[in-house]
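Numbering (my numbering), first residue to last: 991 to 1404. No residue lacks a Cβ here, since even glycine has one placed at the ideal position from N, Cα and C. Treat the numbers as computed from the prediction; the structure is a model and nothing was measured. Notes for the one structure printed next.
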């Protein structure tokens, strides 16, 4: 993804090839792409780490294709490979079970299919090694699951496979766009984008870029200003903006420079809705009232980035938390979600906006925390709370009534 104009992997439909070792997953990826992307060998366990490639797939547009290690891998190292493969499966949109046509279905393959089909209705079946014939048991098994046959040596069946993928992908839940349900055609917005130490040189951050593009896609218009110029330009407007969206870090400044009745939210809250679950995050706000001295707080980010002196996750949020919530709280920072036992020791998890990962990955994290009973909030909602802007910051959303009632219900029980 070296092209800065390319669609980020997190915004692409995620298609993951999985199955047993030597099922032909890597060969299928190569045939699909028309290049020798993945290493192919008759030796079992050729693929060690997941390999992901970007691709434009007809009406589906940008997709991310991932080849994984065999789920029947053995040994200590093999089990680590299986774990990585399963992680990819849990957050993908379209799992593709790759199986040899010349062999009967194994119990593991049947279990893998049944395990995922209820959660991933877009799951697809591909039979490889078509040149070696079709085992009668595999024929019956595949017919019940709607599989397609591919010959990786000649490429026969690839076109049919692509068509099947496009059909199956319609069953996958897709992310909403940033402004879904927030604006109508011809609406006017103001986007407030600070240029601070964390801002990339010569560029805007991804949530801002995606929001601007969505403004255009929805036939709207926007004014983009820094927080220092907001009041001057706002006062000169001849129309009231439908919505003001700002960086969460300048909530206080922006709120003081616009009328109270002006709808206001932040990029982080917009992406909390796009990538995660606003309701669950609002439930987590109630936990702020009961944080005890010495409580461990986990700031959980989703990407690797160079941390500046005023980094929001490692500096600004802990500082504000110590001032307003609990001065003796202990902060830890991670980019991958810990195991269950480690998670249980945290009194609260603070998620980033998740702009660099898929909605499936963020929801997997949230579901795990819900299962363990660990409260979770989001950068933007915490900063809105800290600046006295809840429920105002969620009122612009179509589901505002439900969100506000959820926030009120949780607050009344603490």
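Short Cβ contact (8 Å threshold) for residue i with residue j
| i | j | result |
| --- | --- | --- |
| residue 1181 | residue 1214 | yes |
| residue 1337 | residue 1286 | yes |
| residue 1162 | residue 1003 | yes |
| residue 1142 | residue 1114 | no |
| residue 1370 | residue 1262 | yes |
| residue 1327 | residue 1290 | yes |
| residue 1278 | residue 1131 | no |
| residue 1178 | residue 1229 | yes |
| residue 1173 | residue 1138 | no |
| residue 1106 | residue 1079 | yes |
| residue 1197 | residue 1342 | no |
| residue 1362 | residue 1334 | yes |
Beta-bridge pairing of residue i - partner residues as DSSP gives them
| i | result |
| --- | --- |
| residue 1368 | 1341 |
| residue 1125 | Paired residues: none, contrary to the question. |
| residue 1405 | Examination of residue 1405 is not possible in this model, given that the chain is present from 991 through 1404 alone. |
| residue 1009 | 1088 |
| residue 1004 | 1054 |
| residue 1235 | 1181, 1255 |
| residue 1336 | 1286 |
Where the beta strand (DSSP E) containing residue i begins and where it ends
| i | result |
| --- | --- |
| residue 1044 | 1041 to 1047 |
| residue 1214 | 1211 to 1215 |
| residue 1114 | 1114 to 1118 |
Close Cβ partners of residue i (< 6 Å) along its chain, the five nearest in sequence each way excluded
| i | result |
| --- | --- |
| residue 992 | Interpretation of residue 992 is limited by its pLDDT of 46, a score under 50 that renders its predicted location unreliable; the figure taken from the coordinates is listed afterwards. Within the same chain, residue 992 has no close Cβ partners at all. |
| residue 1320 | 1286 |
| residue 1388 | 1171 |
| residue 999 | 1054 |
Cα-Cα separation between residue i and residue j, rounded to whole angstroms
| i | j | result |
| --- | --- | --- |
| residue 1102 | residue 1239 | 45 Å |
| residue 1411 | residue 1398 | Coverage of the chain is limited to positions 991 through 1404, which leaves residue 1411 absent and any answer about it impossible. |
| residue 1011 | residue 1096 | 12 Å |
| residue 1084 | residue 1153 | 14 Å |
| residue 1267 | residue 1356 | 8 Å |
| residue 1201 | residue 1212 | 10 Å |
| residue 1316 | residue 1396 | 24 Å |
| residue 1255 | residue 1070 | 42 Å |
| residue 1057 | residue 1149 | 19 Å |
| residue 1306 | residue 1300 | 6 Å |
| residue 1025 | residue 1128 | 29 Å |
| residue 1318 | residue 1284 | 5 Å |
| residue 1013 | residue 1257 | 44 Å |
Cut-off 8 Å between Cβ atoms - residues of its own chain near residue i, not counting five sequence neighbours on either side
| i | result |
| --- | --- |
| residue 1009 | 1015, 1060, 1061, 1087, 1088, 1089, 1099, 1102 |
| residue 1259 | 1238, 1268, 1368, 1370, 1371, 1374, 1383, 1384 |
Distance cut-off 7 Å: residue i Cβ against heavy atoms of the ligand SAH
| i | result |
| --- | --- |
| residue 1009 | Of the ligands one can find in the structure shown there are none, so the ligand SAH has no counterpart to examine. |
Range covered by the alpha helix (DSSP H) that runs through residue i
| i | result |
| --- | --- |
| residue 1140 | Counting along the chain, residue 1140 falls outside any alpha helix (DSSP H), and DSSP gives it neither H nor E. |
| residue 1354 | 1349 to 1362 |
| residue 1270 | 1268 to 1275 |
| residue 1072 | 1065 to 1081 |
| residue 1022 | 1015 to 1023 |
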